[in-house]
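J.: Throughout the sequence shown, residue numbering follows full-length UniProt numbering, covering 1 to 131 in sequence.
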Amino acid sequence: MEVKQINKRASGQAFELILKPPSPVSEAPRTLASPKKKELSLEEIQKKLEAAEERRKSQEAQVLKHLAEKREHEREVLQKALEENNNFSKMAEEKLILKMEQIKENREANLAALIERLQEKVTAPSLLTLD
Numbered sequence: 001m002e003v004k005q006i007n008k009r010a011s012g013q014a015f016e017l018i019l020k021p022p023s024p025v026s027e028a029p030r031t032l033a034s035p036k037k038k039e040l041s042l043e044e045i046q047k048k049l050e051a052a053e054e055r056r057k058s059q060e061a062q063v064l065k066h067l068a069e070k071r072e073h074e075r076e077v078l079q080k081a082l083e084e085n086n087n088f089s090k091m092a093e094e095k096l097i098l099k100m101e102q103i104k105e106n107r108e109a110n111l112a113a114l115i116e117r118l119q120e121k122v123t124a125p126s127l128l129t130l131d
């Protein structure tokens, strides 16, 4: 055990207490012994390669399936948007046709009323007579 005085202060003294010196063994980082590799037979290597190939094919199939589902969804969304656009266009066209028909009917009614008033003026006996 070793005691070192660090510095003196007005409020007191500070000390560093070292219980035991660092051992040289603890300075070196410990390495874990890696497990010894066992020898793989040709059959085991072949099985591992086949399993890896199956995993790769499975993953590729899964990615392709996901892409196909995504494309199908995009196609459905596009189809729905086109249908909504067509429906909107049809509704707008129908409203425009109805409005044009209403304007035509109003115009014809106004013209008929104007013609009737003019005919009344022409056929009405003149209020001013020259005697």
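Built from N, CA and C at the ideal position, the CB exists for glycine as well. A quick note: this is a predicted structure, and the numbers were derived from the prediction, not measured.
1. Using the C-alpha atoms, what's the distance from R56 back to E93?
2. With DSSP run on the structure shown, which of helix, strand or coil describes A33?
3. First and last residue of the alpha helix (DSSP H) that includes A51?
T.: To lay it out plainly:
1. 55 Å
2. coil
3. 42-123
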